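Worksheet: the structure to be examined is printed underneath.
There are 2 protein chains.
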Amino acid sequence: MPEEKKDIGITVKKQDDLPEWYEQVCLKAELAEFSPVKGCMVIRPNGYAIWEAVQAYFNANIIKPMGVKNAYFPLFIPESFFHKEAEHAEGFSPEVAWLDKEITGEGERLAVRPTSETIMYDSYSRWIRSHKDLPLRINQWCNVVRWETQATKLFLRSREFLWQEGHCVYATEEECEHETIEYLKRYATLCKELLALPVLIGRKTEKEKFAGAKTTYTIEAFMPDGKALQCGTSHNLGQGFAKAFGISFTGKDEKMHTPWQNSWGLSTRLIGAVIMTHSDDKGAVLPPAIAHAHVAIVPIIFEDSKEEVMEVCKTVKDRLKGLSVILDDRDDYTAGWKFNEWEMKGVPIRIEIGPKDVAKKQVVIVRRDSGKKSVASIDEAYKEVSVMLESMQHDLYRKAEEFLESSIVEAKSWKEFTDAIQKRKLVKGIFCGEIECEDTIKDKTGGASSRCIPLDDEPVEGNCLHCGNPAQHKIFYSKSY
Amino acid sequence: MPEEKKDIGITVKKQDDLPEWYEQVCLKAELAEFSPVKGCMVIRPNGYAIWEAVQAYFNANIIKPMGVKNAYFPLFIPESFFHKEAEHAEGFSPEVAWLDKEITGEGERLAVRPTSETIMYDSYSRWIRSHKDLPLRINQWCNVVRWETQATKLFLRSREFLWQEGHCVYATEEECEHETIEYLKRYATLCKELLALPVLIGRKTEKEKFAGAKTTYTIEAFMPDGKALQCGTSHNLGQGFAKAFGISFTGKDEKMHTPWQNSWGLSTRLIGAVIMTHSDDKGAVLPPAIAHAHVAIVPIIFEDSKEEVMEVCKTVKDRLKGLSVILDDRDDYTAGWKFNEWEMKGVPIRIEIGPKDVAKKQVVIVRRDSGKKSVASIDEAYKEVSVMLESMQHDLYRKAEEFLESSIVEAKSWKEFTDAIQKRKLVKGIFCGEIECEDTIKDKTGGASSRCIPLDDEPVEGNCLHCGNPAQHKIFYSKSY
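Top line first, the protein sequences correspond to chains A and B.
Here the working numbering is used: position 62 in the first sequence is 62, and no number is missing along the way.
Here the working numbering is used: position 344 in the second sequence is 344, and no number is missing along the way.
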């Protein structure tokens, strides 16, 4: 990013033009950039640090305690594999990128993986023989490719993205269903604890479920412009893939059985959700748990006191051990320029130290989200910063949660429903849940789609708000990304 | 792996048929398997755990202390990018996999990345404006694809593999050269400390250097069958790519300058080097620092003492906190079967606990590499195991180092040289280092290639052992993978 552009800052307000604001934040905070390859993106170090935080949290809090093992499967998938599970093939066929036959030769076509069910289950069919091999729980971190034709949005929609995909096999339906939901719940906890992101937890309708799944569960965040963003899904695949790929096992009863499977994934999309939710007109606001740096120390330099100030800055940096701290000692920039820079880049806390502070043995601490300034003695800087990081993480979540809760509208009629959709709300109502009915709702509302059926779904009474047939579920609807 | 096959164990000896032995170890220790996609491999959890250990070590000991940042660049590269640097394009062109135009449309062809210099330096040309932006140090962990036509060897040669590639930009030639070698040295330290793998450190000849590099540095391990295995490279790219991609910066003198670049990488090949070096006729032997588990506790079960034995097993497991411990409490397998299983899979230490041990408040501890048994009181098990893990790591290195050192032969004549090559030695001699001369040596020796010029290269006197022209360097030659 050339310096002259950095100086300008974000040129539109979040509330005036969210898509333009969002793109500017991603670019100017150096989180990502568009690639010369149409539809692809470059994840810059500040953005990739968020993904690394997600990976570390995930490996520690989901992979390890759940007994999942990481592995790696090929990038390329033979065409015939897709066709083994009919719904799955149909669901992905328009988006698949194929390799040129010039190099791959006369054999069958090879796809660049859009998801790895088929190539993994081919292996599973060899690995699983007996009930002793179950449950089998495997995850991979990888890139996937879906040849989107819609406009690229950094982190939110690109032809290549990074994700994890977990794929487990169980002897019983109960175990499978139980863990399918367990992974989803842990996704929601990750969103809360790490990303300060509140989400709805629920089940997808028939129309919105994954190609080949029996049931799809989802976590959905709600963005400031009144559009839902699917942040992770967990699919109970039933026995369909197992049958299609010939996965079977000898039970304790010494008879052959077909196992049950689930798959679950979350992607670099999450980074987009975090940025869009928390950031502001000055640039990125990042929850401390995922920020590329916790603190930026900016010395206020005057020629006659430079040495003392720099010395105190170094002392303070040393005392902040365990935190990621930038001491911005660059000579070529003014303090004001540096303030803007670290605000733009979303560093949660700025510490200012000038000659007056040195004289008073104090530092000035500024919180990125609220702009609130406080003063602490040098001795208490570590404690003050730690407390501030914790409350910032907490406050960001609470603020987002308030927005989510205030966005939910319960509609009692079709009119109330369409009014609320038009106001960009997250609208709850009772519906029949039929695919055709949902298609029509989407058409009539200019794109509102069902987001999920709440996990604590109870039998409903009354008629579908749209078609008038007997209602089956409470369903959340909204516009979406 | 079906049980019946597991029971058989490795069916050939390491010294009799190394390639077949190696493949069986990879397959039966469940480190990797061949994929139905020709030329690709599946990295199974036991193998992937090694890669995760490499990543963790690398991020902590190379990325962070050297000030490198992780990022992610697109999988696809436009054809025109390759042609910007002529030697680079030529070096990779036969191996590139292209996307099918049916999906990518009428624009230029897109390659699946064989390496990322070109796509990264395109970004760098926008990111770098001023000396203040330098040095720029970026690394990515990713998959790359090279459409090999030779037979696939698990971990050692496959069309897709995982690696890291670091790409740095510097204001001065000195800094660039200094760090190019620093990364290489840290690679060698990683090989020693983590993988118990001794390596030669050196510089590639003109013939063997990277396409587009000014100088290529390399670390080379030497396999038990007398073939070298290149384990990592670090390239001083000079200014060639910078000029080709229009990377320039304004110096402190306010004039425009062309920067200097390096790139450096190591891949999942390393896993192959580790397995081949340390493993034996019973299966995988893994250095403790990278093993998927440190200890397997196998209870010796008799019906009347089962409860007491299991209780002691659990106590011992609890006391081994901080280590990765498998308590193999499966009912369906005999203790003997379990011994073989964990030996095959390369778990460094087995602990046996039976009723006699319970009575004596002791455990039997067996080291995987030497088979040495020792007895320790339950109270001292943790200490004994820790010491044993440390000495095993150390001994594996020492053993491999002895082999490497004993394999080196200094040749004084062409006859001595060819004799030693025939005996599968790592042969040091003085050569002219000209490309044509090396080509001929390769032909005449049935494939021996120069591995490296030692890093402490000193001027040599005398004539090239092969062509008789004035010699330029001491060079190591051998057969290779």
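Cβ coordinates follow ideal geometry from the N, Cα and C atoms, glycine included.
These numbers were taken from a predicted model, which means no experiment stands behind them.
- Annotated as distal: A/K383 and A/E410, with beta-carbon spacing of 9 Å or more.
- Take A/E173, set aside five residues on each side of it, and the residues of its chain with a beta-carbon closer than 6 Å to its own are W260, in chain order.
- Restricting attention to beta strand (DSSP E) runs no shorter than 3 residues, the stretch 394-480 of chain B encloses them at 408-410, 426-431, 449-454 and 473-480, ordered along the chain.
- Scanning its chain for C-beta atoms nearer than 7 Å, with the 5 sequence neighbours on each side dropped, one finds around B/G462 the residues I430 and A471, in chain order.
- In the three-state DSSP reduction, A/K38 falls in the coil class, being neither helix nor strand.
- For B/E23, the uninterrupted alpha helix (DSSP H) segment begins and ends at L18 to K28.
- For B/I119, the number of other beta carbons within 10 angstroms of its own is at least 16, and it is reported as buried.
- The DSSP assignment places complete beta strand (DSSP E) segments of no fewer than 3 residues inside the stretch 57-140 of chain A at 76-78 and 110-112, in order along the chain.
- Under the three-pair Cβ rule at 8 Å, the stretch 98-112 of chain A does not count as touching the stretch 61-68 of chain B.
- Collapsing the DSSP output to three states places B/Q15 in coil.
- Uninterrupted alpha helix (DSSP H) stretches at least 4 residues long and entirely within the stretch 257-293 of chain A occur at 269-278, given in chain order.
- For B/L154, there is no enclosing beta strand (DSSP E), as DSSP gives it neither H nor E.
- In the same chain as A/I353, and ignoring 5 residues on each side of it, the C-beta atoms closer than 8 Å to its own belong to I297, V298, P299, I300, V309, V312, C313, V316, V363 and V364, in chain order.
- Going by beta carbons, B/I275 and B/F155 fall inside the 9 Å limit.
- Among the residues facing chain A, B/P45 is included, as its CB has a counterpart in that chain under 9 Å away.
- The C-alpha of B/Y124 is placed about 12 Å away from the C-alpha of B/S130.
- In the three-state scheme derived from DSSP, where H, G and I count as helix and E and B as strand, A/T334 is classed as coil.
- Residue pairing from DSSP places B/K373 in a beta bridge opposite B/V366.
- Membership of B/V316 in the alpha helix (DSSP H) is indicated by the continuous run K306 to R319.
- When the Cα atoms are used, B/Q150 and B/E95 turn out to be separated by approximately 11 Å.
- Per DSSP, A/T189 is one residue of the alpha helix (DSSP H) stretching across E173 to E193.
- The Cβ-Cβ distance between A/E179 and A/N139 does not fall below 9 Å.
- DSSP lists no bridge partner for A/Y382.
- Spanning the alpha carbons of B/E416 and B/K399 requires a straight line of approximately 26 Å.
- Proximity of chain A to B/Y217 at the Cβ level (cut-off 7 Å) is not reached, the minimal Cβ distance being about 25 Å.
- Here A/W163 carries a strand assignment [DSSP, helix/strand/coil].
- At least one CB of chain A lies nearer than 9 Å to the CB of B/S123.
- DSSP, reduced to helix, strand and coil, places A/I301 outside both helices and strands of the structure shown, so it counts as coil.
- Counting C-beta pairs closer than 8 Å gives three or more between the stretch 237-255 of chain A and the stretch 209-229 of chain A, which meets the contact rule.
- Taking 9 Å as the cut-off, the Cβ atoms of B/F249 and B/L134 count as close.
- Here the alpha carbon of A/R157 sits roughly 8 Å from the alpha carbon of A/E148.
- B/S279 is the residue among B/E30, B/S279 and B/H88 whose C-alpha sits nearest the C-alpha of B/V12.
- Cβ atoms of B/A291 and B/A221 stay farther apart than 8 Å, at about 19 Å.
- Within the model, the alpha-carbon separation for B/G468 versus B/S413 is close to 10 Å.
- Note that the C-beta distance between B/A284 and B/L31 is below 9 Å.
- DSSP places A/K209 in the coil class of the three-state scheme, outside both helix and strand.
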